[in-house]
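Protein chains in written order, with the working numbering: chain A, 909 to 1227; chain B, 909 to 1227.
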């Protein structure tokens, strides 16, 4: 059994952990920092850990790919795997800490107008006092109540918002930080009562353009949106219109329909839009990498013992 | 009994509340938006609500001034009051929500390098992935455990930091969000174990330059500082050196020795320094104004009934 680990983020402690698990699993492991580095004797590799799109689409020997990402929509595209039976697992559950902090940071930057202060300070300008909003005054809706939505809710709770409600496919989530849960079908009922909408949905056909122009307009004047899930979930043009008209007080996007955001996108010039380059769940926080590696090692032992993978993706659901 | 209310922030609901309290207190009240607007028949005014420095320094009739600020150091300067016996109260206790959100926003902006992403986005640039830090990995020290420090700690707790310790004059605070309390004399013991230092001290002779060059150097390499108290508390030149040398990973200042920050200050060009123009506790959040007005009305009834003022400042302590 041969494993390729393709990553530029691992530290010594992670390499050691994976080597130990490989030994237990009776597997041979090879670490590469580029997909072109696969050595000759690993051409029959069975397991890959990493976002190895080239290996996945060319190596028929592959039987399991574990992505260190939470969102694996790019692995669901036809032709992504040379071996159609290849198992796919993800690392959903490791990004909550990082992305929750990002959401809180972006929401507060917008509400407190720190973006404007900061832009002025770059020009050595002492800006004026401006109207600020507070999380404490918000009715928060989490569209998506997976690890990210739940971890965010646990942080947001401490700010004593008016309420936090969750919206998910099942309409069920036993996390006590949600005051109420709704099904996706009830989204139109929830939006008019939402001051801060936090979107952490996976990229699936079901979530594509879920935030339509009509739905953006259902939100109260002066409300805020943060999207850390997938850019495909929002009608970007409608969002830009709602920001430029002042209907929305602000939006923060870490994800976009096309990434990097094209130079000719109108979003660069949209007022009160906070753009970050898909960094909310980047792989620099030790929490994230530690947890990712833990999850892979756990499933490696499952795989070696012919047990089901704990973190296998449901290709029908898309997450 | 005549009252002047000097404010540009009050809404109808606040005016009504003050008028009702004045009626109960048997007082006549006049609302002005400029200190020059005092009408002839209020030249013998007894009570002022507002930061009315001119009225305080010229009207001998004044017997009580209530400042809507928490920090009242400017009212302690010799000559601030024409009547030296004038009572002084402040509004410490109303700024916690606003300033705590500001601290969290600034800490996360620095740790997650969103400042850099944002500066790039202003130039339509999709920035690189950068190393991020997390509140979860921080040992947090609150230098100052009044309303601001405590409200911050209650929000920070949800991020599951390694610990939160408080440092105060008495070394005592029964807030359960502090894992441990220290006296100011023990500051040098705490700083080497501090990853995020949150300063919310009043401006007094005791707190002036409390964060010396030596103390900044006691902090671990890669640590962060947020100051929302008074600019006088930090050796600004030493702070700039520690940032430019990379000893500190970041600092966020909302307050400065001289405000507005002078054009020739080296702080404008200091790397990893986040400057905001004294807006952490501005008077736009309804929470803050509501609470301010409530506190004044409470003390107005106390005053009318010859009871001690609940929010009177201890001029010896300076807060």
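In this text, a Cβ means the ideal position worked out from N, Cα and C, and glycines have one as well.
Since this is a predicted model, take the numbers as computed values, not measurements.
Within chain A, the residues that residue i reaches when beta carbons sit closer than 7 Å
i	result
residue 1035 of chain B	1185
residue 1044 of chain B	1005, 1195
Partner residues on chain B for residue i, Cβ-Cβ distance less than 9 Å
i	result
residue 1066 of chain A	1062, 1063, 1064, 1065, 1066, 1067
residue 1040 of chain A	1006, 1009, 1010, 1187, 1190, 1192, 1193
Exposure of residue i, with buried meaning 16 or more beta-carbon neighbours within 10 Å
i	result
residue 902 of chain B	Given that chain B is displayed from residue 909 to residue 1227, the structure contains no residue 902 of chain B and the question cannot be resolved.
residue 1058 of chain A	buried
residue 1223 of chain B	exposed
residue 1179 of chain A	exposed
residue 924 of chain A	exposed
residue 1094 of chain B	exposed
residue 1041 of chain B	buried
residue 1215 of chain B	exposed
residue 877 of chain A	The structure shown does not extend to residue 877 of chain A, since chain A spans only 909 to 1227, so no value can be given for it.
residue 1171 of chain A	exposed
residue 1069 of chain A	buried
residue 1166 of chain B	exposed
residue 1199 of chain A	buried
residue 1174 of chain A	exposed
residue 1096 of chain B	exposed
residue 1010 of chain B	buried
residue 1006 of chain A	buried
residue 1213 of chain B	exposed
residue 1021 of chain A	buried
residue 1082 of chain A	exposed
residue 1185 of chain A	buried
residue 962 of chain A	exposed
residue 921 of chain A	exposed
Collapsed DSSP secondary structure at residue i in the structure displayed
i	result
residue 1107 of chain B	strand
residue 1089 of chain A	strand
residue 1200 of chain A	helix
residue 1161 of chain A	strand
residue 1135 of chain A	strand
residue 939 of chain B	strand
residue 1081 of chain B	coil
residue 1004 of chain A	helix
residue 921 of chain A	helix
residue 911 of chain B	strand
residue 951 of chain A	coil
residue 1034 of chain B	coil
residue 1070 of chain A	coil
residue 1121 of chain B	helix
residue 1211 of chain A	helix
residue 994 of chain A	coil
residue 1076 of chain B	strand
residue 1175 of chain B	helix
residue 1182 of chain B	strand
residue 1011 of chain A	helix
residue 945 of chain B	helix
Neighbouring residues, chain B, relative to residue i (Cβ below 7 Å)
i	result
residue 1013 of chain A	1013, 1016, 1017, 1020, 1022
residue 1169 of chain A	1034
residue 1025 of chain A	1184, 1185, 1187
Under 8 Å from the C-beta of residue i: neighbouring residues of chain A
i	result
residue 1053 of chain B	Those within 8 Å of residue 1053 of chain B in chain A number zero; the least Cβ separation is about 17 Å.
residue 1176 of chain B	1029, 1032
Close Cβ partners of residue i (< 7 Å) along its chain, the five nearest in sequence each way excluded
i	result
residue 952 of chain B	910, 969
residue 984 of chain B	1223, 1226
residue 1079 of chain B	1089, 1090, 1091
residue 1067 of chain A	1043, 1044
Proximal residues to residue i (C-beta, below 8 Å), its chain only, five neighbours per side dropped
i	result
residue 1151 of chain A	1158, 1159, 1178, 1179, 1180, 1181
residue 1120 of chain A	1143, 1146
residue 1088 of chain A	1071, 1073, 1074
residue 941 of chain A	914, 915, 916
residue 1123 of chain B	1095, 1096, 1099
Close Cβ partners of residue i (< 6 Å) along its chain, the five nearest in sequence each way excluded
i	result
residue 935 of chain B	909, 911
residue 1133 of chain B	1105, 1159
residue 1004 of chain B	1055, 1056, 1059
residue 1002 of chain A	1196, 1199, 1200
Problem - Segment contact flag, the region 990-1001 of chain A with the region 1022-1038 of chain B, C-beta cutoff 8 Å, min 3 pairs - result: These segments do not touch.
Exercise for the section: Please determine if the region 1071-1078 of chain A and the region 942-961 of chain A are in contact, where contact requires at least 3 C-beta pairs separated by less than 8 Å. Expected result: As far as the Cβ criterion goes, the region 1071-1078 of chain A does not touch the region 942-961 of chain A, which means the pair count is below three.
Practice task
Answer yes if the region 1007-1019 of chain A comes into contact with the region 1201-1212 of chain A, meaning at least three C-beta pairs across the two stretches below 8 Å, and no otherwise.
Solution key: Three or more Cβ pairs closer than 8 Å define a contact, and the region 1201-1212 of chain A falls short of that threshold against the region 1007-1019 of chain A.
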